[in-house]
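Enquirer:
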Amino acid sequence: MLKIGNIEIKVPIFQGGMAIGVSMAELAAAVSNEGGVGVIAGTGLKKEELKQEIQKAKEKLVGVGKVLGVNIMVATTNFMELVDAAIESGVEFIIFGAGFSRDIFDYVKGTGTQAIPIVSSLKLAKISEKLGAPAVIVEGGNAGGHLGSELDSWDIVPEVAQNIHIPVIGAGGVMTPEDGKRMLSLGAKGIQMGSRFVASKECGVSQVFKEMYKKVKQGEIVKIMSSAGLPANAIVSPYVKKVLDEVTEFPRNCFACLKKCTHKFCVNERLQMAHHGNYEEGIFFAGRDAWKITEILSVKEIMEKFRILFQE
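The sequence shown stops at residue 394 when you use our numbering, and every number in between is there.
1) Between Ile-375 and Ile-95, how many whole angstroms is the CB-CB distance? I'm expecting something under 8 Å.
2) Which two residues bound the contiguous alpha helix (DSSP H) that contains Lys-138?
3) Which term fits Gly-276, buried or exposed, when burial requires 16 or more other beta carbons within 10 angstroms of its beta carbon?
4) For Thr-159, tell me which candidate among Asn-88, Ala-225 and Gly-181 has the shortest Cα-Cα distance.
5) May I have the straight-line CA-CA distance separating Gly-120 from Ile-86, to the nearest angstrom?
6) If you compare alpha carbons, which of Glu-130, Tyr-189, Thr-125 and Val-146 is closest to Phe-161?
7) Distance, Cα to Cα, Asp-234 vs Ile-303?
8) How about the stretch 141-155 and the stretch 166-179: do they share at least three Cβ pairs that are nearer than 8 Å?
9) Please return the same chain residues whose Cβ sits closer than 8 Å to the Cβ of Lys-129, not counting the five positions on each side in sequence.
10) Quick check on the burial criterion: 16 or more other C-beta atoms within 10 angstroms. Buried or exposed for Val-146?
11) Do you know how far the Cα of Ser-319 is from the Cα of Val-329?
12) Restricting to runs no shorter than 4 residues, where is the alpha helix (DSSP H) found entirely within the stretch 161-220?
13) What do you reckon, are the CB atoms on Ile-136 and Ser-171 nearer than 8 Å?
14) Let me know if Met-355 comes out buried or exposed under the rule of 16 or more other beta-carbons within 10 Å of its beta-carbon.
15) Given a cut-off of 8 Å on the beta-carbon distance, is the pair Ile-246 and Glu-211 in contact?
16) Would you grab the beta carbon distance between Ile-122 and Ala-110 for me? Rounded to a whole angstrom, and I think it's under 8 Å.
17) Measuring straight from C-alpha to C-alpha, what distance separates Glu-351 and Val-381?
18) Cα separation between Phe-367 and Leu-229?
19) Output needed for Ile-378: all residues of its chain with C-beta closer than 6 Å, excluding positions within five of it in sequence on either side, in chain order.
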């Protein structure tokens with residue numbers, strides 16, 4: 083059990099908040115019902131859509147003491163609208179990354195919702211602690227999706243854990259219980275897993291997406307530069323090869339969803355294509371070690387494998 087602020091987490095496993103539409107109500111509720119922190123990805127949604135998704139998740143929760151979070155990219159233009167949606171819906175945690183907000187800690191005070199930053203350095207972890215963060219998620223360059231560091235989580239977590247006084251959740255590279263054990267041995271009080279939950283029965287992505295996780299081999303997950311101006315890890319696919327060769331085309335429709343965008347392609351659009359199973363045109367984000375995933379399991383089965391790490 084881990085206590086963050088006044089919230090008790092029975093099994094300190096955070097399910098990574100994966101946009102666009104990867105981490106939604108069904109997946110988040112399933113993780114929460116198993117004692118972990120189920121996280122809905124708010125990025126890509128409008129305020130009312132996020133509130134509806136949170137409500138859907140809440141309706142699936144069984145019993146009391148279940149913990150829900152919302153993950154929001156600071157880089158999105160409607161960041162504060164989504165923050166408001168999360169607060170108004172009464173989720174326990176807002177988890178934010180792909181940028182940093184100093185104001186959010188004061189903003190959530192007294193609301194019952196706590197803000198947890200995703201950080202990739204000791205410097206930012208210390209700033210977060212000083213600003214009132216109840217915990218930090220420390221993520222390395224081996225994680226899936228948008229990244230904030232070249233260093234792996236294995237390198238960053240020990241330094242942060244030894245030098246701050248709030249709980250550290252280790253993220254990036256945790257695919258197996260052995261990885262989880264290693265993360266906890268470095269001083270993390272909990273773990274965050276994204277990729278492992280993509281290959282779950284409850285995840286809302288297409289079967290094509292899940293099968294790619296099952297079949298990908300070591301070395302077939304590469305770093306690309308997202309149009310959000312951040313590096314990201316993705317499975318090699320026809321469109322990822324175009325990104326690597328810099329032969330992508332200017333997006334035809336722009337919804338101005340990012341505060342800063344290179345416009346070399348629309349990452350939102352490409353992630354949606356991946357979600358729907360468009361192998362040729364989609365971008366399939368994945369943690370660099372997702373090749374370790376060999377089977378698609380239920381959330382219950384995944385949590386059973388990892389729960390043992392936290393049993394005293």
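Even for Gly, the Cβ is constructed at its ideal location relative to N, Cα and C. Values in this document were obtained by computation on a predicted structure and should not be read as measured data.
Expert: Here's the rundown:
1) Actually they are not in contact, since the Cβ atoms of Ile-375 and Ile-95 sit about 16 Å apart, beyond 8 Å.
2) Per DSSP, the unbroken alpha helix (DSSP H) holding Lys-138 starts and ends at 129-142.
3) By the neighbour-count rule (16 or more Cβ atoms within 10 Å), Gly-276 is buried.
4) Residue Gly-181 holds the alpha-carbon nearest to the alpha-carbon of Thr-159 among Asn-88, Ala-225 and Gly-181.
5) Distance between the alpha carbons of Gly-120 and Ile-86 is about 15 Å.
6) The residue among Glu-130, Tyr-189, Thr-125 and Val-146 with its C-alpha nearest the C-alpha of Phe-161 is Thr-125.
7) Looking at the two C-alpha atoms, the distance is approximately 15 Å.
8) Because the criterion of three Cβ pairs below 8 Å is met, the stretch 141-155 and the stretch 166-179 touch.
9) These residues qualify, in order along the chain: Asn-160, Glu-163, Leu-164, Asp-166 and Ala-167.
10) Around the CB of Val-146, fewer than 16 other CB atoms lie within 10 Å, so the residue is classed as exposed.
11) Distance between the alpha carbons of Val-329 and Ser-319: 14 Å.
12) Secondary structure remark: continuous alpha helix (DSSP H) runs of at least 4 residues inside the stretch 161-220, in chain order: 161-170, 186-189 and 204-213.
13) In this structure, Ile-136 sits near Ser-171, with a CB-CB distance shorter than 8 Å.
14) Met-355 should be labelled buried.
15) A contact, by the Cβ cut-off of 8 Å.
16) Between Ala-110 and Ile-122 the Cβ distance is about 5 Å, and since that is below 8 Å, they are a contact.
17) Distance between the alpha carbons of Glu-351 and Val-381: 27 Å.
18) Taking C-alpha positions only, Phe-367 is separated from Leu-229 by approximately 11 Å.
19) The answer, listed in chain order, is Ala-281 and Lys-292.
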